[in-house]
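Structure record follows, encoded as structure tokens.
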Amino acid sequence: MANYTDLANLIFPNIIKTIDDLENIYPKRNLPEGAMVTRFAPSPTGFLHTGSLFTSLVSARYAKQSGGVFYIRLEDTDTKREIAGSGESLIEQLAVFDVIPDEGYISDSKEVGNYGPYKQSQRSEIYNTVIKHLISIGRAYPCFCSAEELAQLRAEQEANKEIPGYYGKYAKYRDLPVDEAIARINNGDSYIIRFKSMGDHNNKVSFHDEIKGDLELTENDQDIVILKGDGLPTYHFAHLVDDHFMRTTHITRGEEWLSSLPIHLELFDAMGYERPKYAHLPVIMKVENGNRRKLSKRKDEEAAVSYFLEQGYPKYGFIEYLLTIANSNYEAWRDQNLDKDFYDFKLSFDKMSLDGALFDIAKVANISKERMAYKKASVLCEEVKAWAKSYDEAFYNKIIADEAFFTSILNIEREKEKPRKDYAKYSDIYPIISFFYDDVYNQIDKANLEWNPQMDKADIKAVLTDYINTMDLSLSEEDWFNSIKALAARHGFADNIKEWKKDKEAYKGHVGDVSEFLRIALSGKKNSPNLYCVIQILGKEKVVSRINETLANI
Ligand code: GLU
1 MANYTDLANL IFPNIIKTID DLENIYPKRN LPEGAMVTRF APSPTGFLHT GSLFTSLVSA
61 RYAKQSGGVF YIRLEDTDTK REIAGSGESL IEQLAVFDVI PDEGYISDSK EVGNYGPYKQ
121 SQRSEIYNTV IKHLISIGRA YPCFCSAEEL AQLRAEQEAN KEIPGYYGKY AKYRDLPVDE
181 AIARINNGDS YIIRFKSMGD HNNKVSFHDE IKGDLELTEN DQDIVILKGD GLPTYHFAHL
241 VDDHFMRTTH ITRGEEWLSS LPIHLELFDA MGYERPKYAH LPVIMKVENG NRRKLSKRKD
301 EEAAVSYFLE QGYPKYGFIE YLLTIANSNY EAWRDQNLDK DFYDFKLSFD KMSLDGALFD
361 IAKVANISKE RMAYKKASVL CEEVKAWAKS YDEAFYNKII ADEAFFTSIL NIEREKEKPR
421 KDYAKYSDIY PIISFFYDDV YNQIDKANLE WNPQMDKADI KAVLTDYINT MDLSLSEEDW
481 FNSIKALAAR HGFADNIKEW KKDKEAYKGH VGDVSEFLRI ALSGKKNSPN LYCVIQILGK
541 EKVVSRINET LANI
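Numbered by our numbering, the letters in the sequence shown go through residues 1 to 554 in order.
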């Protein structure tokens with residue numbers, strides 16, 4: 001009579017390594033006490049989800065702040081959903097947000113570290129070694145169930161109002177005598193491999209999650225598939241093998257995996273492996289019509305990290321936003337430590353939100369605005385240039401044609417105690433400042449400028465003409481403003497708004513109206529950056545020619 005070992009040898013004749021060999025090849029890591037080994041394990045399905053960036057950022061921070069290792073493993077066992085090349089683009093997008101692995105998958109032709117391969121599709125020998133062991137100890141078995149048989153099982157369970165799945169008495173091939181299994185394999189029957197569960201769904205398993213605390217979960221009793229028909233492992237089984245042999249200490253993953261945790265605990269226990277610590281991170285949610293739902297890649301543009309890259313949110317704004325989601329005390333810390341790098345903040349599991357974090361794009365914009373405002377113009381210029389190079393060619397060409405000019409535009413009301421907070425993202429900049437460029441200014445329809453209809457065109461003309469005749473670029477901002485007040489007064493406009501409010505009839509308008517004439521003439525718009533700075537940057541020649549062109553069209 002054949003035994004389990006015969007069955008294991010028949011199924012895996014070419015596997016000669018043992019699990020002890022694997023223990024030696026992938027030994028425990030030599031790290032200081034408390035150092036965490038974390039990982040990010042994306043599937044190459046075509047795009048980086050905002051929730052995945054959050055998870056990977058948090059995982060990487062925990063490893064870094066504890067002096068441990070953060071690695072990336074590519075989970076490419078679902079060949080149907082795989083999009084070629086998307087593993088590499090994930091790595092590129094992660095790198096934009098400083099999520100850079102110490103170890104693991106780097107590109108399709110490169111990986112670093114001693115615990116690889118880091119691409120699941122290349123780890124068959126390792127999975128098969130563990131499965132061979134499980135079969136030989138009677139904890140895994142071949143299942144010959146056809147699709148029809150499975151459908152029949154399901155119908156039976158429905159009729160009996162029983163829990164669906166492949167377990168207990170419904171696990172048809174669980175107790176198939178080894179001789180029969182061998183005969184069927186020799187006969188060429190197709191099969192997959194299942195784990196033999198010893199659990200009972202009437203029992204509870206206690207467990208401590210680093211974020212959620214002590215939990216009681218229903219024990220697993222399903223004989224889950226561990227090796228699929230295509231020879232690749234399922235997620236559950238690969239998690240066991242990879243996280244054990246890559247020596248992950250903390251599994252930081254989305255809380256959607258919490259429900260399958262009992263399977264994972266049973267797998268670790270069956271192998272006699274130490275369970276890793278688990279930290280199930282909140283899933284990023286959105287409120288729609290008063291209901292919370294997961295950020296969906298089909299419905300929400302903000303579900304894809306590429307959206308933020310295209311829009312040009314600065315990476316530091318986005319990272320800080322994610323840190324506010326990660327830890328409830330981050331913002332208070334930030335307010336106290338404005339001069340510090342945000343990476344000086346130490347993340348902690350006990351400050352993690354317990355239920356889904358709500359995504360708030362307005363907050364991303366606010367944080368970005370705050371942080372961008374304090375960047376030096378020269379630094380911001382480099383950031384904008386790098387962004388425009390990929391996402392806005394026309395803008396990029398403008399920048400590189402004269403970087404000093406562009407930097408002086410960026411420097412308007414910057415590098416001072418209370419800088420202006422105009423920009424939340426790089427793509428906000430060009431629409432606000434494009435009028436500085438002559439080709440853009442020349443395209444403005446001067447016959448249809450937004451003059452205040454209360455104003456007399458003759459007065460507008462007189463004010464503008466007077467300005468070009470008297471303008472003085474050497475004035476300080478304060479003196480310049482006084483000169484505008486004087487200009488206003490010369491033409492019957494109140495030189496301050498309070499006076500005008502007291503007796504509106506006595507004036508044609510006020511100094512604000514006069515500034516607006518200049519602003520419209522120089523920028524074509526009623527809103528522009530600080531007018532004094534606009535005039536300084538344009539210089540006398542352009543100011544005169546723009547005003548003359550405007551005058552010719554009033
Ligand atoms: N490949 C899995 C996913 O993308 C990984 C989950 C985990 O971190 O364990 O959801």
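Each residue gets a CB set at the ideal place from its N, CA and C atoms; glycine is no exception.
The structure presented is a predicted model; accordingly, all values stated were derived computationally and were not measured.
Around the beta carbon of H239, 16 or more other beta carbons lie within 10 angstroms, which makes this residue buried. The C-beta separation of A388 from I399 comes to about 6 Å, placing the pair in contact by the 8 Å criterion. Going by C-alpha positions, V205 is about 26 Å away from S348. Per the C-alpha coordinates, the member of A373, F405, Y278 and K526 positioned closest to S59 is Y278. In this structure, the alpha-carbon of W451 lies about 8 Å from that of I520. With 16 or more other Cβ atoms from the protein chains shown falling within 10 Å of its own Cβ, N327 counts as buried. DSSP places I182 inside the alpha helix (DSSP H), whose first and last residues are V178 to N186.
Taken from the Cβ of A60, every heavy atom of the ligand GLU lies 7 Å or farther away. The set of residues whose C-beta lies within less than 5 Å of a heavy atom of the ligand GLU reads, in chain order, A41, S43, E75 and R253. Under the three-state reduction of DSSP, G229 is assigned to coil, being neither helix nor strand. Short of 6 Å from the beta carbon of E75, and not among the five residues preceding or following it, lie these beta carbons of its own chain, in chain order: A41, S43 and Q120. Excluding the 5 residues flanking it on each side, N411 has same chain C-beta neighbours closer than 7 Å at A377, in chain order. Secondary structure note for V514: its alpha helix (DSSP H) is the uninterrupted segment V511 to S523. Taking the Cα positions, I192 is about 13 Å away from A8. Considering only T248, Y532, G51 and Q122, the residue with the shortest C-alpha distance to F308 is G51. For Y343, the three-state secondary structure derived from DSSP is helix. In the three-state scheme derived from DSSP, where H, G and I count as helix and E and B as strand, K369 is classed as helix.
The residue among M352, G229 and K169 with its C-alpha nearest the C-alpha of I211 is M352. G509 counts as buried, since no fewer than 16 other beta carbons sit within 10 angstroms of its beta carbon.
When beta bridges are read from the DSSP output, Q222 appears opposite Y167. Within the model, the alpha-carbon separation for D214 versus F207 is close to 6 Å.
Rounded to whole angstroms, the gap between the alpha carbons of F493 and A447 is 24 Å.
Under the 8 Å Cβ criterion, the stretch 116–132 counts as touching the stretch 99–108, having at least three qualifying pairs. For V283, no beta strand (DSSP E) encloses it, and the DSSP letter there is neither H nor E.
Contact check for P164 against R154 passes: the beta carbons are separated by less than 8 Å.
CA-CA distance, D344 to W333, rounds to 10 Å.
Beyond the five residues adjoining it in sequence on each side, V287 comes within less than 7 Å, by CB distance, of L358 in the same chain, given in chain order. The beta carbon of G87 is closer than 6 Å to those of P44 and L74 in its chain, skipping five residues each way along the sequence. Distances from the CA of F481 to each of H491, N469 and N496 were compared; the closest alpha carbon is that of N496. The stretch 457–474 makes no contact with the stretch 419–439; the number of CB pairs closer than 8 Å stays below 3. Taking one beta carbon from each stretch, the stretch 232–248 and the stretch 306–322 have fewer than 3 pairs nearer than 8 Å; the two do not touch. Under the three-pair Cβ rule at 8 Å, the stretch 364–378 counts as touching the stretch 415–431. The stretch 31–38 makes no contact with the stretch 168–176: fewer than 3 CB pairs, one atom from each, lie closer than 8 Å. Within the DSSP secondary-structure output, D214 pairs in a beta bridge with H208. If only uninterrupted beta strand (DSSP E) runs of at least 3 residues are considered, those enclosed by the stretch 106–157 are 110–112 and 140–143.
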